[in-house]
Every structure is written in C-alpha cells, then in structure tokens.
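One point on numbering: in UniProt numbering, the residue at position 71 of the sequence shown is 71, and numbering is uninterrupted. Glycine included, each C-beta is placed from N, C-alpha and C at the ideal position.
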Amino acid sequence: MEDIGYLYFSQDDYSFIEEHFPDIFAICEQYVSSREPDIELTVTDSQTDMIDNKVLMAIGSSAIAPQGNPSSEAIELEAIWDRA
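Structural data, given as structure tokens:
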C-alpha cells in the first residue's frame, strides 16, 4: 500500500491555479480533503508524482521561442508548487 501525504495550497494560490491552469486544477480537485483554512489535498506518492509531471509539463510548454523562457504564470505556478 502506498504512503499517503498531503499538499497544502493557500486560497489565493489555488484560485491562481484554477484561473491559469484549469487542467491542473481539475486534477487537484479530485484529491481535496479540506478547504479550511487552506486547501488540503490527500494524495499518494504516485498521485503526487502525476501532478508534479503535469506542473512541469505546463511550465515547459509555456516557454516561448526564441528565448525559451517560461511565462510569468508558469513561474508563479512553479513557486506555488514549491510551497505545497
């Protein structure tokens, strides 16, 4: 059996994800176990890895040629994920 862990997002961070990354938000919504005072997700290691992959793909796909820099939204998503 996989270990269970928790990810925590502030209300503002979770709203940012909802607005700018609705596909990631939809995945996270499946694992919400509490909404007060912060958003708590109850996830297994493999679920955390799956969400992490989606976050990394979103950051990478936002890179704009020719510089290849991620968008400001993607940079904020990375910071939010680091805080979770």
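- Task: Go to Ser33, then tell me how far its beta strand (DSSP E) extends in each direction, as first and last residue.
- Result: From DSSP, the beta strand (DSSP E) with Ser33 extends over 32–34.
- Specify the secondary structure class of Phe21 as computed by DSSP and reduced to three states. Shown here, Phe21 sits in coil according to DSSP, grouped into three states, outside any helix or strand.
- Task: Pair every Cβ in the stretch 11–27 with every Cβ in the stretch 43–56, then say whether three or more of these pairs are closer than 8 Å.
- Result: yes
- Look up Tyr14 in the DSSP assignment and give the residues it is bridged to. DSSP lists no partner for Tyr14.
- Message: I'd like the list of long-range same chain contacts for Glu18, defined as Cβ closer than 7 Å, with 5 residues on each side in sequence excluded.
- Response: Counting only residues of its own chain and dropping the five nearest sequence neighbours on each side, Glu18 has a CB closer than 7 Å to the CB of Phe25.
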